[in-house]
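Engineer: One gets this note's numbering by counting positions in the sequence shown from 1 and adding 384 to each. Take a look at this one; I'll ask things after.
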Amino acid sequence: MIGDKSALFGTASPQMRMITQKPPRIPLKCPLEINRKLSSMGRYRPPAPPKSPYITSDGHQSLLAEEQGLWKRRREVVKALSAAAAEGDRSENAEYIYRKKELREIDRRIRYLQKRIPELKVVEQPPSNRQQVFFAAWVTLEDEQGVTHRYRIVGPDEIDHQADYISMDSPLARGLMKRSLDDEVEIAVPGGITAYCIIAIEYS
Numbered sequence: 385m386i387g388d389k390s391a392l393f394g395t396a397s398p399q400m401r402m403i404t405q406k407p408p409r410i411p412l413k414c415p416l417e418i419n420r421k422l423s424s425m426g427r428y429r430p431p432a433p434p435k436s437p438y439i440t441s442d443g444h445q446s447l448l449a450e451e452q453g454l455w456k457r458r459r460e461v462v463k464a465l466s467a468a469a470a471e472g473d474r475s476e477n478a479e480y481i482y483r484k485k486e487l488r489e490i491d492r493r494i495r496y497l498q499k500r501i502p503e504l505k506v507v508e509q510p511p512s513n514r515q516q517v518f519f520a521a522w523v524t525l526e527d528e529q530g531v532t533h534r535y536r537i538v539g540p541d542e543i544d545h546q547a548d549y550i551s552m553d554s555p556l557a558r559g560l561m562k563r564s565l566d567d568e569v570e571i572a573v574p575g576g577i578t579a580y581c582i583i584a585i586e587y588s
């Protein structure tokens, strides 16, 4: 995450809502159990880094609408699940199995939204300096082959590749922050370094 708010939103930040003693040694009485614990530790995966909490006003409204729609869909699925359960053997009931899976997915997404939405900080106003790249900017780039690319820098909850919305946490967005028109930037990508020139900066 980018800690400096001025690097995200411009000069005017938007209003937003030892243990000193060694523990005693424990005799190894059960090697099998210890090996089992070590095995489970080997499968440990570190948690994903925290996502930036910023979001545009449109993105915030979209998440609220999604949550409302999920509650409506959940009622429909529960009703369909009850009807499928009444048909008899659930182990071979494709409709029951499908609806139960769908219900789990809906509940998982609702839980995420209920936790995530209160954490978000809505950015409603563009920066005072619109000549630089900050959060919510539309940035048009030209690569080394002369091909143009246009992206909007948004919060991680708004990523939409079809709409060319990229996360502010992405390498490209982080490399563009606070840059100005005609600046050249180099972005590290899996295949190496890609160079771009900023040819337009816009705010909706």
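C-beta atoms are modelled at their ideal positions from N, C-alpha and C, and glycine is treated no differently. A quick note: this is a predicted structure, and the numbers were derived from the prediction, not measured.
Tell me, please, whether the region 552-562 touches the region 528-540 by the rule of three or more beta-carbon pairs shorter than 8 Å.
Structural biologist: Taking 8 Å as the limit for Cβ pairs, the verdict is that the region 528-540 does touch the region 552-562.
Engineer: At what residues does the beta strand (DSSP E) containing A579 begin and finish?
Structural biologist: Start and end: G576 to Y587.
Engineer: What are the start and end residues of each continuous alpha helix (DSSP H) run of 4 or more residues lying completely inside the region 435-510, in chain order?
Structural biologist: Correct list: 441-469 and 478-500.
Engineer: For E451, collect the residues of the same chain with a Cβ closer than 8 Å to its Cβ; drop the 5 residues on either side in sequence, then sort them by chain order.
Structural biologist: These residues qualify, in order along the chain: I494, L497, Q498 and I501.
Engineer: Excluding the five sequence neighbours on either side, which residues of its own chain have a C-beta within less than 7 Å of the C-beta of H444, listed in chain order?
Structural biologist: Here the set comprises L504 and V506.
Engineer: Among residues of its own chain, excluding the 5 on either side of P437, which ones have a beta-carbon nearer than 7 Å to its beta-carbon?
Structural biologist: E503, L504 and K505.
Engineer: If I measure Cβ to Cβ from Y480 and keep anything under 8 Å in the same chain, skipping five residues before and after, which residues do I get?
Structural biologist: Contacts found: L465, A468, A469, E471 and R474.
Engineer: Any heavy atom of the ligand ADP within a distance shorter than 6 Å of the CB on Q509?
Structural biologist: The ligand ADP is absent from the structure shown, which contains no ligand whatsoever.
Engineer: Take the Cβ of V531 as the centre, count every other Cβ of all protein chains shown within 10 Å, and call the residue buried at 16 or more, exposed below.
Structural biologist: Counting Cβ neighbours within 10 Å, V531 comes out exposed, since fewer than 16 surround it.
Engineer: Could you tell me the alpha carbon to alpha carbon distance between R457 and S441, rounded to whole angstroms?
Structural biologist: The straight-line gap from Cα to Cα measures roughly 24 Å.
Engineer: Could I get the ranges of all uninterrupted alpha helix (DSSP H) runs contained in the region 520-568, with 4 residues as the minimum, in chain order?
Structural biologist: Listed in chain order, the complete alpha helix (DSSP H) runs (minimum 4 residues) inside the region 520-568 are 555-560.
Engineer: Using a threshold of 7 Å, state whether the C-beta atoms of A521 and Y587 are closer than that.
Structural biologist: The answer is yes: Cβ separation under 7 Å.
Engineer: Pick out whichever of A478, D491, I585 and K463 has its Cα sitting closest to the Cα of L454.
Structural biologist: Among A478, D491, I585 and K463, the Cα nearest to that of L454 is on D491.
Engineer: Hey, out of V573, P433 and E486, whose CA is closest to G559's CA?
Structural biologist: Here the closest residue by C-alpha is V573.
Engineer: So the candidates are Q529, F518 and H545; which of them puts its Cα closest to the Cα of I585?
Structural biologist: Nearest C-alpha to I585: F518.
Engineer: Give me, in chain order, the residues of the same chain whose beta-carbon lies closer than 6 Å to that of G394; leave out the 5 immediate sequence neighbours on both sides.
Structural biologist: Once the five neighbours on either side are set aside, the close Cβ partners of G394 are P511, S512, N513 and F518.
Engineer: How many Å lie between L525 and R534 at the Cα?
Structural biologist: L525 and R534: Cα-Cα distance of roughly 6 Å.
Engineer: For R488, is the classification buried or exposed, using 16 other Cβ atoms within 10 angstroms of its Cβ as the cut-off for buried?
Structural biologist: So R488 counts as exposed.
Engineer: If you drop the 5 nearest sequence neighbours on each side, which residues of the same chain put their C-beta closer than 6 Å to that of D567?
Structural biologist: Excluding positions up to five away in sequence, the list reads I582.
Engineer: Using the rule of at least 16 other Cβ atoms within 10 Å of the residue's Cβ for burial, across every protein chain shown, is I577 buried or exposed?
Structural biologist: Result: exposed.
Engineer: Within the same chain, show all residues whose beta-carbon is closer than 7 Å to that of M477, passing over the 5 residues directly before and after it, in chain order.
Structural biologist: Correcting the residue identity first, residue 477 is Asn in this sequence and not Met. Excluding positions up to five away in sequence, the list reads A468 and E471.
Engineer: Let me know if Q529 comes out buried or exposed under the rule of 16 or more other beta-carbons within 10 Å of its beta-carbon.
Structural biologist: Classification for Q529: exposed.
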